[in-house]
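Residue numbering for the sequence shown follows our numbering, beginning at 212 and increasing consecutively.
To keep things clear, I will list the structure first and then write my remarks on it.
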Amino acid sequence: MADDAFTGVQGELGITAACRLTGRSRATHYRRLRPPPERKPRKQQVQPSSLTPEERAVVLELMNSGEYAELPPAQIRARELDAGRYHCSVGPG
212 MADDAFTGVQ GELGITAACR LTGRSRATHY RRLRPPPERK PRKQQVQPSS LTPEERAVVL
272 ELMNSGEYAE LPPAQIRARE LDAGRYHCSV GPG
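Below you can see the structure in the form of C-alpha cells.
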C-alpha cells in the first residue's frame, strides 16, 4: 500500500518530495528499482601454506594422543619443538 501511495505522489511531486512525504529513503527507492544481480558462489580457495589432509591427520592424532590430549595447542607445539620436531604453526585464536 505504501508503494501505491508513493507512486501516486511521485508522478506529481517528483521522487525527492515523494520520498519525504512517505518516509522512504531515496537510496531504498533506487535500490528497489535496480536490485543487485544474483551472485555466483565463489570457488573456495585453498591457502598455499595449509596442511594437506595427511599432515592434518598426523597433527590431530598427535594432539589427541594420551600425552597431549589435555594440553592447549601452544604447549603441544612448544614440547614438540623442544624435542626437535616441527609439524606446523599454531593457528589464530
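Using N, Cα and C, we set each Cβ at its ideal position, and we do this for glycine too.
Bear in mind the structure is a predicted one, so any value in this text is a computation, not a measurement.
Per-residue burial, residue i [other beta carbons within 10 Å of its own, 16 or more giving buried]
| i | result |
| --- | --- |
| Ala-390 | With the chain covering only 212 through 304, there is no way to say anything about residue 390. |
| Arg-290 | exposed |
| Arg-288 | buried |
| Met-212 | Low confidence applies here, because Met-212 scores a pLDDT of 49, under 50, leaving its location unreliable and the question unanswered by this model. |
Sequence-distant residues of its chain with Cβ nearer than 7 Å to residue i (five each side left out)
| i | result |
| --- | --- |
| Phe-217 | Ala-229, Thr-233, Arg-235 |
Beta-carbon contacts of residue i that lie in its chain and below 6 Å, excluding the five residues immediately before and after
| i | result |
| --- | --- |
| Arg-237 | Cys-230 |
Beta-carbon proximity of residue i to residue j, cut-off 7 Å
| i | j | result |
| --- | --- | --- |
| Pro-284 | Val-269 | no |
| Leu-271 | Cys-299 | no |
Chain-order list of residues whose beta-carbon lies under 8 Å from that of residue i (same chain, five-residue window excluded)
| i | result |
| --- | --- |
| Ser-260 | none |
| Ala-280 | Met-274 |
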